[in-house]
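Following: one structure in structure tokens, then a few remarks.
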Amino acid sequence: MSRLHLLWRKSLNILMLTLTGVAALLVVSVLFLILGCLLWNGGKSLNLSFFTQLPKPVGESGGGMANAIVGSLKLLLLAAVLGLPVGLLAGVYLAEFGGKTFSFVIRYTTDILNGVPSVVIGIFAYTLAVLPVKHFSTFAGGVALGVMAIPITVRSTEEFLRAVPGTLREGAMALGASKWRTIATVVLPAAKGGIITGMLLALARVAGETAPLLFTALGNQFWSPGWSQPTASLPTVIYAYALSAYDDWHRQAWAAGLVLLALVLVANVGTRLALSRGGAARGV
Amino acid sequence: MKKNIVMVCLLLGLAAALGADSTVLLNGAGATFPNPMYSKWFDTYHQLHPNIQVNYQSIGSGGGIRQVLAGTVDFGASDGPMTDEQIAEFKKQRGMDILHFPTVLGADVPSYNIQGVATDLKFTQKALAGIYLGTITQWNDPEIAKANPGVNLPAADIVVVHRSDGSGTTYIWTDFLSKASDDWKNKVGKNTSVNWPVGLGGKGNEGVSGLVKQTPNSIGYIELIYAVQNNISYGEVQNAAGKFIKADLASVTAAAASSKDMPEDFRVSITNAPGPAAYPVSSFTWLLIPGKIPDAAKRDAIKGFLNWMITDGQKYTEGLSYAQLPKPVVAKEKKAISLIQ
Amino acid sequence: MSATATIIAATAPPEAGPRAFIRRLRHGDEVAHLVTFIFAASILLLTSMLVYELWVTSHLSRAKFGWSFLATRIWDPVFENFGALPYIYGTLVTSAIALIIAVPLGLAAATFLAELAPRRISDGVAFLIDLLAAVPSVIYGLLGIFVVVPLMRTVIGPALKNSLGFLPFFKGPNYGVGFLTAGIVLSIMVVPFIISVSREVLLTVPRDQREAALALGATRWEATWKVVIPWARAGIAGSVFLALARALGETMAVTMVIGNATAISASLFSPGDTIAATIASQFTEATGDLYLSALVELGLVLFLITFILNGLARLLILVTERGGQRG
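Order-wise, the sequence lines are chains A, B and C.
Going by the numbering used here, the first residue of the first sequence is number 1, and it counts up by one from there.
Going by the numbering used here, the first residue of the second sequence is number 285, and it counts up by one from there.
Going by the numbering used here, the first residue of the third sequence is number 626, and it counts up by one from there.
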């Protein structure tokens, strides 16, 4: 092997390895760029009135997004109530009870549902929850988001339940507990950390969804009382304001973006930190 | 754990109960053209009548027509009147008439963002048709230049902006272009959503204004108030009498005055109106109200609002650059409001 | 003796005895089984309903246009002639751009994390990259409008035109919005998927493969490029399919930066539209049943494409993991 060729190979080695490092650095720095951008532009516009006031009429400056923030919270609550129990119990079925073929079918279907683009879920929720009652509503928005939260919850629940050591289950049964009792009082509490993490991550994911809400919850200038009226939400307001030409609306869109991102990131970071510290089963 | 569940249930119940007081909630959707006006009106009306809350979402005239047809909103709004087919469809699906109520007069203006040009450009009808057909591609094209002697038009590509959503503003613009150019009429036609030969799409008047404001050498058609509120330059358009007119309250009112008599169902086009002072791309905009409203509280609220709108409400229009309804139209509307059952 | 038996019989609660006890146990288990089964089955029901709704609501459009829907270039609500081709084109072009940027970048980063970085840094950085995947689409759209679009218009576009302007991809006016901008934004959104899955897959490559290459005198890079990555190529391909499926379905970020025009153009600066973005902007206002049906048919097309891609992705990832276990 000639000296030159060896030198070439060695230089190529260093070059390529450095490039991979650069690539990783680049990707990570994008995250910080996004955060920085939002903090800079959004931070300037965050004030008390943003959180407490309703939007002003078009073209007038000032006002806030109180109704959008509350709207998003209500939608998340609905998504949690409608979607999380389904995900949890389906996950329990897959991990504890499932027969071979049916489990495969359910897992495959859950995967399909997970891959459905959010805008198509929006179409579905419109035909399911808006047309029959002839009403855009918070409830319809909650249905759309709940459906989207199901696959994530199913997967994480099943995974964490499976990770519970068999010895725990056997111990409980040896003491005379029935299967459902074992699950309820031994297995589920053991996997509790991971399951809750999965649920919170599912909610964080649907909190940022916009497209399905455009056809279900529509939007609202005012407070939306109850569950059967249209409601404003952070993502839809960001979308509407960002597209406009009003500088004041742009300002508010940045601020809303910051709030939304903070919510999502805190949920993601917080739950994963709690999970790793809690000593529950490894990784999601 | 159990206590928490009880608390949550109580809170949910409370939240639901809060919706059950005597507030009348109306939901409407549609045109972005009059959105600044409606947004002001509904806010003001809510302050006058705190128990009535009208939530208006500007999703485009196409949306207004669609959703009022589907019955998912209490009323719609559109600057393109519903076609005969759409009205027949409404009657077939909902078993009643759909009534048009003019609210204000507005104008579509050709707004532009050209570097180095601060004056008002004059656009002939041929120029506008050519730009939107894609046959006129540069700002210094003779058709534009000959109407603007002395203006330093750049030799730059024209960035054409139109609506990406179903729009009454588009209806008004394409209605005008169809009258201005046979080419346009045959190739593209007039509708709330057309097959645009060229250009970028913006969502709503808001989106088009946004695009024009941020894109150099662009042109887009938007409602007058959007150009004013966002400090976007807009040009004069040549009317049927050959004069170059800038859109303002006087010229829009002139267009309404010189048009033919208002038909009984209020569906009329006043683009390319005759008369030397008329702005050629003017239009009424309508609220679409179902003929029968079973809920008495909602019916009274809508009727009350409509009566307020054609009287006191008209005082707010000029502040937002919309022209008031002509007196004969107001008189006709007063009678039509009583038709709502 | 009979006294003891009577005492036992008198003091024991009714329905006692081993058989009854087991009956009750099983009864509880049956209920639990049933309940969880119903919830699991409801997912099947929901998904079936979704597909059914898509199929039924798109009936008008499918009946009228048939297969030519996929090949027609025109989307004309006035003359009621609808064709999906411009949107299929837009979807494919933006996704292709996204992958061209994200795959080399993502694979390189994954290689770094799996092969070179110490485990703790690798885990930490992987976590941060996962956070990128959690950022909502509308926020990418926000950044797209206010950061990427002006950059494209003032810096990136002119630079590309100056250097590569002879290529048909970079001809034509540069508005800032368009296919290229949408592709760039999409690439940032899908790169975390490529990194996270590729990294996992690379980590499963057996150590002896790597060590054998190094023992034969290969440099670390040569061992990685010629041995490790090829070993994991099915899984990496799977990650690419996953990223593609995500890119195809992206709605908000794309609709905010793509220019919303029905156009098929070789120029990457041209505005266009994707299937998802079109549905989002036109759905609530589709006047006319045929129009609505055409939009839902678009949704059906999108659903089918992502369905097939996701299936392929899962298969490929499975193949790699099984291969790793065998080795």
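The C-beta atom is built at its ideal place from N, Cα and C for all residues, glycine as well.
| query | result |
| --- | --- |
| Three-state class that DSSP yields for residue 447 of chain B in the structure shown | strand |
| Residue 686 of chain C: first and last residue of the uninterrupted alpha helix (DSSP H) it sits in | 684 to 690 |
| Secondary structure of residue 482 of chain B, DSSP reduced to three states | coil |
| Outcome for residue 861 of chain C when other beta-carbon atoms lying within 10 angstroms are tallied against a minimum of 16 | buried |
| Where residue 354 of chain B meets chain A, residues with beta-carbon distance less than 8 Å | 131 and 134 |
| First through last residue of the beta strand (DSSP E) which encompasses residue 392 of chain B | 382 to 397 |
| Minimum C-alpha distance to residue 224 of chain A - residue among A/70, A/198, A/205 and A/264 | A/70 |
| Limits of the unbroken alpha helix (DSSP H) element including residue 158 of chain A | 138 to 163 |
| Rounded separation between residue 600 of chain B and residue 137 of chain A - CA only | 31 Å |
| Beta strand (DSSP E) segment containing residue 316 of chain B, residue limits | Counting along the chain, residue 316 of chain B falls outside any beta strand (DSSP E), and DSSP gives it neither H nor E. |
| Beta-carbon proximity check, residue 361 of chain B vs residue 571 of chain B, cutoff 8 Å | yes |
| Stretch-stretch touch, CB-based, cutoff 8 Å, three pairs: the region 731 to 744 of chain C with the region 14 to 25 of chain A | yes |
| Pick from A/12, A/6, A/188 and A/267 that is closest to residue 846 of chain C, judged by C-alpha positions | A/12 |
| Contacts that residue 449 of chain B makes with chain C (C-beta to C-beta distance below 8 Å) | 906, 907 and 910 |
| Nonlocal neighbours in the same chain, by C-beta distance under 6 Å from residue 218 of chain A, ignoring five residues either side | 136 and 230 |
| Boundaries (first-last residue) of the alpha helix (DSSP H) holding residue 716 of chain C | 710 to 736 |
| Validate contact between the region 27 to 43 of chain A and the region 226 to 242 of chain A using beta carbons, cut 8 Å, 3 pairs | no |
| DSSP-derived helix/strand/coil call for residue 456 of chain B | helix |
| Cβ-Cβ separation, residue 873 of chain C to residue 716 of chain C (assumed contact under 8 Å), whole Å | 6 Å |
| Proximal residues to residue 410 of chain B (C-beta, below 8 Å), its chain only, five neighbours per side dropped | 427, 464 and 465 |
| Nonlocal neighbours in the same chain, by C-beta distance under 7 Å from residue 161 of chain A, ignoring five residues either side | 91, 92, 95, 96, 187 and 191 |
| Cα-Cα separation, residue 876 of chain C to residue 122 of chain A | 11 Å |
| Alpha-carbon spacing of residue 158 of chain A relative to residue 204 of chain A, whole angstroms | 19 Å |
| Contact set between residue 763 of chain C and chain A, taken where Cβ atoms lie within less than 7 Å | 208, 210, 235, 238 and 239 |
| DSSP state of residue 227 of chain A mapped onto helix, strand, coil | coil |
| Neighbour flag for residue 109 of chain A against chain C, beta carbons, 8 Å | yes |
| 8 Å Cβ cutoff met for residue 904 of chain C and residue 698 of chain C | no |
| Beta-carbon gap between residue 555 of chain B and residue 346 of chain B smaller than 8 Å | no |
| Which of helix, strand or coil DSSP assigns to residue 308 of chain B | strand |
| Contact set for residue 271 of chain A: own chain, Cβ-Cβ below 7 Å, skip 5 residues either direction | 197, 200 and 201 |
| Under 7 Å by beta carbon: chain A residues contacting residue 939 of chain C | 111 |
| Proximal residues of chain B, C-beta to C-beta of residue 787 of chain C below 8 Å | Those do not exist, as residue 787 of chain C stays about 17 Å from chain B at its closest Cβ, beyond 8 Å. |
| CB contact below 8 Å: residue 358 of chain B versus chain C | no |
| For residue 814 of chain C and residue 751 of chain C, the rounded distance between their alpha carbons | 15 Å |
| Where residue 677 of chain C falls, given that 16 or more other Cβ within 10 Å makes a residue buried | exposed |
| Contact set for residue 919 of chain C: own chain, Cβ-Cβ below 6 Å, skip 5 residues either direction | 686 and 707 |
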